[in-house]
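Beneath this line is the structure, given in structure tokens, with notes to follow.
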Amino acid sequence: MGAGLRASEVTLKQALEQALQAALAELLKDHPDAVAPEVQLTRPKMKEHGDYAASVAMPLARLLKKSPQQIAASILEVVQWPDAVVGADIAGPGFINIRLRQASEAEALKTIMLAGESYGKQVVLADAEKVNLEFVSANPTGPMHVGHGRGAVVGDALASVLKAVGKKVHREYYINDAGVQIGVLANSVWLRMQELKGETVVFPEAAYPGEYIVRIAREVLEKHDYQQLLAMEEDERSGLIGGEAIAANMAMIRDDLNAIGIHFDHYFSEQSLHASGRVSALIDKLAADGVVYNGTLPPPKGQEVEDYTPVEQQLFRTTDFGDDVDRPLAKQDGTPTYFAADIAYHYDKYLRGFDRMIDVWGADHGGYVSRVQAAMKALTGREAQPDVLLVQMVNLTRDGKPVKMSKRAGTFVTLREVVDEVGADAVRFNFMTRRVESQLDFDLEAAKQKNDENPVYYVQYAYARIGAILRKAEDEGHAIGELDDVDVSVLTEHEEQRLVAHLLAYPEALQKAADRLEAYRVATFAMRLAADFHSFYHKHRVVTDDVVLTRARMLLIKAVGQIIRNALTVLGVSTPERM
RNA sequence: GCGCCUGUAGCUCAACAGGAUAGAGCAACAGCCUUCUAAGCUGUAGGUUGCAGGUUCGAGCCCUGCCAGGCGCGCCA
Numbered sequence: 071m072g073a074g075l076r077a078s079e080v081t082l083k084q085a086l087e088q089a090l091q092a093a094l095a096e097l098l099k100d101h102p103d104a105v106a107p108e109v110q111l112t113r114p115k116m117k118e119h120g121d122y123a124a125s126v127a128m129p130l131a132r133l134l135k136k137s138p139q140q141i142a143a144s145i146l147e148v149v150q151w152p153d154a155v156v157g158a159d160i161a162g163p164g165f166i167n168i169r170l171r172q173a174s175e176a177e178a179l180k181t182i183m184l185a186g187e188s189y190g191k192q193v194v195l196a197d198a199e200k201v202n203l204e205f206v207s208a209n210p211t212g213p214m215h216v217g218h219g220r221g222a223v224v225g226d227a228l229a230s231v232l233k234a235v236g237k238k239v240h241r242e243y244y245i246n247d248a249g250v251q252i253g254v255l256a257n258s259v260w261l262r263m264q265e266l267k268g269e270t271v272v273f274p275e276a277a278y279p280g281e282y283i284v285r286i287a288r289e290v291l292e293k294h295d296y297q298q299l300l301a302m303e304e305d306e307r308s309g310l311i312g313g314e315a316i317a318a319n320m321a322m323i324r325d326d327l328n329a330i331g332i333h334f335d336h337y338f339s340e341q342s343l344h345a346s347g348r349v350s351a352l353i354d355k356l357a358a359d360g361v362v363y364n365g366t367l368p369p370p371k372g373q374e375v376e377d378y379t380p381v382e383q384q385l386f387r388t389t390d391f392g393d394d395v396d397r398p399l400a401k402q403d404g405t406p407t408y409f410a411a412d413i414a415y416h417y418d419k420y421l422r423g424f425d426r427m428i429d430v431w432g433a434d435h436g437g438y439v440s441r442v443q444a445a446m447k448a449l450t451g452r453e454a455q456p457d458v459l460l461v462q463m464v465n466l467t468r469d470g471k472p473v474k475m476s477k478r479a480g481t482f483v484t485l486r487e488v489v490d491e492v493g494a495d496a497v498r499f500n501f502m503t504r505r506v507e508s509q510l511d512f513d514l515e516a517a518k519q520k521n522d523e524n525p526v527y528y529v530q531y532a533y534a535r536i537g538a539i540l541r542k543a544e545d546e547g548h549a550i551g552e553l554d555d556v557d558v559s560v561l562t563e564h565e566e567q568r569l570v571a572h573l574l575a576y577p578e579a580l581q582k583a584a585d586r587l588e589a590y591r592v593a594t595f596a597m598r599l600a601a602d603f604h605s606f607y608h609k610h611r612v613v614t615d616d617v618v619l620t621r622a623r624m625l626l627i628k629a630v631g632q633i634i635r636n637a638l639t640v641l642g643v644s645t646p647e648r649m
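Its first residue numbered 71, the first sequence is counted upward by one per residue in my numbering.
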């Protein structure tokens with residue numbers, strides 16, 4: 071702040087905060103050891119408490135050995151307010167309530183319109199922080215389910231939020247195309263192929279049962295000669311079919327992601343890590359660093375493991391870096407564990423020059439966080455990296471009754487089914503209205519209905535309604551015209567000032583969402599703004615005989631529409647002009 | 001047993017880094033369309049913020065201990 075900004079870029083709120091900060095410095099000059107608390111103005115909930123409120127006097131009470139009211143009074147004696155302030159008084163336990171000249175903030179509507187879709191956003195500078203945001207990363211063994219969808223939507227919106235505040239964001243999908251699951255996948259397809267060829271086959275419990283497996287089997291049969299496959303060594307055949315199945319599943323996953331408007335910068339293959347030797351190289355590096363040893367882990371606590379046999383393994387001393395127990399890098403058969411590949415993957419991100427990593431995982435991977443962070447600390451020295459967002463479960467219901475889902479049993483509802491039925495906007499917005507820490511109830515029947523159960527329509531309706539009003543106004547010959555000529559001082563109604571205040575809070579809301587990795591804040595912001603607009607709409611008319619007022623209100627609602635659009639765009643939700 | 005997450009109105013969730021009288025939607029009840037989109041608005045009712053302590057000017061938020069639910073806890077991913 072400060073030096074580089076032109077005067078016009080300092081918001082009124084910032085000017086007020088600076089005035090108070092200066093007053094505090096003046097007040098505290100006799101206390102060289104005292105640190106002045108940072109002034110952060112808030113919007114009081116009740117209008118009797120003014121337009122802005124500051125609580126700075128309270129925390130100083132102890133230090134100055136005076137009552138907060140006395141301190142607030144001292145602040146008010148020395149503070150030099152900007153012109154827009156018409157009064158300030160002390161209330162409650164020591165709040166300073168600031169009252170502004172009516173409509174004094176409305177000039178900012180012009181700033182909003184000039185900035186347009188970039189209002190609230192920051193420019194991405196050349197030296198901006200480079201963020202790698204990994205999300206979805208659903209196994210390529212079948213379609214994505216609804217839980218994946220939540221992670222997908224949250225990750226994608228967070229990426230947009232971070233980009234909006236000036237980060238360089240890289241969206242990445244980690245394909246777990248290695249490991250025993252791929253063998254199971256290949257075998258499942260192979261069994262279906264044999265079945266399609268008229269063989270009688272027995273499907274083991276471990277095989278994937280879904281209909282998509284049959285489809286893949288059919289495709290593989292079209293591309294490859296059955297007799298040749300039959301003649302192959304099992305490993306070779308499994309590798310070939312597995313490759314085909316992964317490709318088919320990833321094509322399906324990409325298509326499904328596309329259906330909710332999610333696009334990745336990079337799909338990163340786990341197999342490529344193994345093939346290029348990066349996993350074994352990483353293990354060598356760890357060994358050279360002296361954090362690997364051969365040892366035996368204690369049996370797991372709290373769950374019955376009947377056939378537990380202690381086995382000596384190659385272990386990573388993650389306990390030196392904050393983990394609970396040391397973690398195996400190699401399985402009994404000598405192949406690397408998933409963990410080994412995963413830290414090779416995260417280390418690869420580091421080597422690619424990312425300043426920060428953020429992973430969006432399902433809550434069932436919660437126990438995995440400490441070991442990956444420990445590994446990254448050992449490898450890079452960075453603390454608490456990656457940042458991990460654990461997205462809690464989606465409880466899927468149909469007419470209020472839980473839908474039991476199992477990939478094994480083939481009874482899961484795919485994300486695609488839900489998107490096709492409900493629509494991408496409704497899915498995205500619904501998944502964004504809650505904090506990731508909360509479990510999410512999602513009812514298929516309720517979500518299918520286009521009624522007020524879907525908050526997305528509430529916000530979109532406000533936008534469409536604004537469009538209708540502006541069209542009507544223009545039909546009747548009104549126009550906003552030159553911004554400089556619009557007299558916004560007539561916007562003195564309570565609902566109008568509320569809307570202005572709300573719009574001005576958008577950049578901060580966006581910044582806070584980014585700082586706290588909480589994209590849902592943008593959704594709740596949009597809902598509250600829409601609510602304020604609907605209230606305004608029912609109390610006041612935009613198109614009136616008063617030309618000056620009509621112009622000002624047109625500008626007001628156009629700015630509201632702009633911010634609703636900006637917010638929904640960040641969330642990946644559309645803004646239809648008519649509904 | 002241990003770790004992480006959660007517990008707020010009948011239901012689903014908010015509460016802006018500890019601030020003033022805890023707010024919305026749904027469900028219930030009562031109103032509002034000859035006037036810019038009723039997918040909307042206004043009002044009524046609904047609360048010991050799981051329980052018990054603690055920290056301080058002030059706690060839904062921080063600390064401790066319980067209670068309840070979810071997720072996880074060797075060589076699956």
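A virtual CB, placed ideally from N, CA and C, is assigned to each residue, including glycine.
Because the structure is a prediction, the values reported are computed rather than measured.
Taken in chain order, the complete alpha helix (DSSP H) segments of 4 residues or longer contained in the region 458 to 527 are 485 to 492, 494 to 502 and 514 to 518. Note on geometry: alpha-carbon atoms of A410 and M446 lie some 12 Å from one another. Annotation for V381: no beta strand (DSSP E) segment contains it, and DSSP assigns it neither H nor E.
In the three-state reduction of the DSSP assignment, E87 falls in the helix class. Around Y363, the same chain offers L385 and R387 as residues with beta carbons nearer than 7 Å, after the five sequence neighbours per side are excluded.
For H610, the secondary structure class from DSSP, reduced to helix, strand or coil, is coil.
A check of alpha carbon separations from S508 across A496, M463, D545 and V488 identifies M463 as the nearest. Note: H240 is bridge-paired with N202 in the DSSP secondary-structure output. Distances from the alpha-carbon of G551 to those of V235, L625, V105 and A234 put L625 closest.
Rounded to the nearest whole angstrom, the CA to CA distance from V489 to N328 is 11 Å. Where A227 is concerned, the enclosing alpha helix (DSSP H) starts and stops at V216 to A234. Shown here for D425: same chain residues with a beta carbon closer than 8 Å to its own, the five before and five after excluded, namely E199, K200 and V201 in chain order.
Beyond the five residues adjoining it in sequence on each side, G249 comes within less than 7 Å, by CB distance, of Y408 in the same chain, given in chain order. Bounds of the beta strand (DSSP E) holding W431 are R426 to G432. For F334, there is no enclosing beta strand (DSSP E), as DSSP marks it with neither H nor E. In the three-state reduction of the DSSP assignment, N328 falls in the helix class, which pools H, G and I. A Cβ-Cβ separation of about 6 Å places L641 in contact with V592 under the 8 Å criterion. For L111, the three-state secondary structure derived from DSSP is coil. About 4 Å separates the Cβ atoms of A93 and V149, confirming a contact at the 8 Å cut-off. When DSSP assignments are scanned along the region 112 to 173, the uninterrupted stretches of alpha helix (DSSP H) that are 4 or more residues long and fall wholly within it turn out to be 131 to 134 and 138 to 148. DSSP places R387 in the coil class of the three-state scheme, outside both helix and strand. The Cβ-Cβ distance between I316 and P210 falls below 7 Å.
When DSSP states are grouped into helix, strand and coil, R422 belongs to the coil group. The Cβ neighbour count for M116, taken over all protein chains shown within 10 Å, is under 16; the residue is labelled exposed.
For F273, the closest alpha carbon among the candidates R285, W260, V223 and K267 is that of W260.
Between L90 and A124, the CB-CB gap stays under 7 Å. Taking every protein chain shown into account, the CB of M649 has fewer than 16 other CB atoms within 10 angstroms, so this residue is exposed. Between V529 and A575 a beta carbon distance of about 16 Å is seen, past the 8 Å cut, so the two are scored as non-contacting. Residue burial annotation: L343 is buried, with at least 16 other C-beta atoms found within 10 angstroms of its C-beta. G190 counts as buried, since no fewer than 16 other beta carbons sit within 10 angstroms of its beta carbon. Within the same chain, and ignoring the five residues on either side of Q251 in sequence, the residues whose Cβ sits closer than 8 Å to its Cβ are N209 and T211. In the DSSP assignment, P406 forms a beta bridge with A400. Secondary structure at I182: helix, using DSSP grouped into helix, strand and coil. When the beta-carbon positions are compared, K542 and V617 stay at least 7 Å from each other.
When only Cα atoms are considered, V430 and A106 end up about 38 Å apart. By the CB criterion at 7 Å, A532 and L232 fall outside the cutoff.
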